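Just below is one structure, and these are the notes that go with it.
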Amino acid sequence: MQIAVASGKGGTGKTTIALSLAYFFKEKNLKVAILDCDVEEPNVNLFLNLKIQEEKSCNVMVPYIDKSLCSACGECERICQFSAIVLVKGKPLFFPEMCHSCGGCTLICPEKAIKEIARETAKIEISQKDNLFFAGGKLNIGEAMSPPVIRQVKENFIDADIRIIDSPPGTSCPVIESVREANFLILVTEPTLFGLNDLSLAIEMARALKIPSAVVINKSSKSDYLIKDLCKQVNIPIIGAIPEDREIAENYSKGEFISVVKEKYNAQFKEIINHIKNFRRIYNS
Ligand code: SF4
Ligand code: SF4
């Protein structure tokens with residue numbers, strides 16, 4: 003089963019929830035994989051602190067232009083929707099960071115002056131401890147194209163009993179790439195007006211992708227009514243609430259919050275896991 007953890011905005015505690023869930027499932031002796039798809043700001047292994055056992059390059063195919071064969075026809079510039087090739091004084095100039103690897107320019111070049119070569123954009127780190135498996139992507143500095151990296155992160159540990167995806171914040175392409183095959187989506191939010199606005203966008207995204215979803219309120223407070231009212235209106239369940247807790251925040255900053263969560267919020271996580279199990283039963287029946 004694949005559970006994605008997402009949030010409309012950063013800083014809501016998405017990684018706290020994803021990692022805590024991974025630990026709670028791990029203690030049930032399941033093979034659990036946690037996949038850090040927040041490849042622009044990966045932080046899962048800061049908390050797991052696993053020794054990286056394998057590092058793979060994440061490559062994308064980009065054009066290489068043999069200028070000696072080029073007739074300056076401009077077809078490559080015309081077809082490129084991302085302005086990654088521009089003709090300057092009759093010579094094609096290529097901007098690799100803007101290329102989306104669609105292959106269009108290679109196909110259209112009448113002189114066969116373009117071939118594709120591999121270009122590394124990120125590293126994928128892989129590790130394991132007991133029944134907990136980790137894969138995470140790290141975009142190289144200056145790179146902007148995260149969806150291919152996210153795809154490659156998600157190719158790992160397909161056979162795990164539970165795969166938990168820690169997705170990037172927001173509702174744009176990288177998030178959609180992270181959550182698209184999830185069986186269940188947990189939307190983490192906080193009870194503020196910003197949280198409310200971003201949660202409503204995240205709910206729309208989940209509905210558009212037709213992924214069964216539920217909400218977890220992090221930093222729960224007397225303002226929870228903001229989130230409860232929205233969830234009631236759009237008929238989405240709230241399956242957990244973790245209170246604002248200074249002890250979690252302090253331990254988070256030291257990379258050590260999981261033991262606090264396990265000790266103090268065992269009941270809340272049991273409830274979240276029960277909701278997921280119930281969903282699984284309905285889903286499989
Ligand atoms: S399509 Fe080929 S021949 Fe035409 S400008 Fe581009 S590289 Fe040169
Ligand atoms: S592969 Fe696609 S995106 Fe990249 S330069 Fe060629 S046409 Fe543009």
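Residue numbers for the sequence shown follow the numbering used here, so the first one is 3 and each next one is one higher.
Just so it is clear, CB atoms sit at the ideal spot from N, CA and C, and this is done for glycine as well.
Fair warning: this is a prediction, and the values are worked out from it, not measured in the lab.
Looking at the backbone, the Cα of F97 and that of Y267 are separated by about 49 Å. In the assembly as shown, E246 is an exposed residue. Its beta-carbon has fewer than 16 other beta-carbons within 10 Å. Under the three-pair Cβ rule at 8 Å, the stretch 75-95 counts as touching the stretch 103-119. Between I167 and Q270, the C-beta gap is not smaller than 8 Å, which leaves the two residues out of contact. The beta-carbon separation of F84 and M63, rounded to 15 Å, does not stay under the 8 Å limit for a contact.
Listed in chain order, the non-local C-beta contacts of D200 below 6 Å within the same chain comprise G10 and K11, local neighbours out to five positions each way being set aside. Here the distance from the Cβ of G105 to the nearest heavy atom of ligand 2 is below 7 Å. For Q4, the beta-bridge partners assigned by DSSP are R165. A straight line joining the alpha-carbon of P214 with that of E206 spans about 12 Å. Straight through space, the alpha carbons of A35 and N280 are spaced by roughly 21 Å. Taking a 10 Å sphere around the C-beta of F135, we find 16 or more other C-beta atoms and assign the residue as buried. In the DSSP annotation of this structure, G76 is not part of any beta strand (DSSP E), being labelled neither H nor E. Counting C-beta atoms within 10 angstroms of its own C-beta, Y254 has 16 or more neighbours from the protein chains shown and is therefore classed as buried.
About 14 Å separates the CB atoms of V41 and A20; that is not less than 8 Å, and the two are not in contact.
Residue environment: D161 is assigned as exposed (fewer than 16 neighbouring CB atoms within 10 Å of its CB, all protein chains considered). At a cut-off of 7 Å, the beta-carbon of V64 counts as near ligand 2: some heavy atom of the ligand is closer than that. Note on F196: under 16 other CB atoms within 10 angstroms of its CB, so exposed under the neighbour-count rule. For A86, the shortest separation between its Cβ and any heavy atom of ligand 2 lies below 7 Å. DSSP assignment within the stretch 94-142 yields the following whole beta strand (DSSP E) runs of 3 residues or more, N-terminal first: 116-131 and 134-141.
One Cα belongs to V236, the other to K30, and the distance between them is close to 33 Å.
In this structure C175 is exposed. Its beta-carbon is surrounded by fewer than 16 other beta-carbon atoms within 10 angstroms. Annotation for Y66: no alpha helix (DSSP H) segment contains it, though the beta strand (DSSP E) segment containing it runs E56 to I67. Relative to ligand 1, the beta carbon of L89 is positioned inside 7 Å of a heavy atom. Leaving aside the five residues that flank L50 on each side, the residues in its chain whose CB is nearer than 7 Å to its CB run, in chain order, F136.
Non-local C-beta neighbours of P149 in its own chain, meaning closer than 7 Å and more than five positions away in sequence, comprise C175, P176 and E179, ordered along the chain. Secondary-structure assignment with DSSP links V218 through a beta bridge to V190 and G242.
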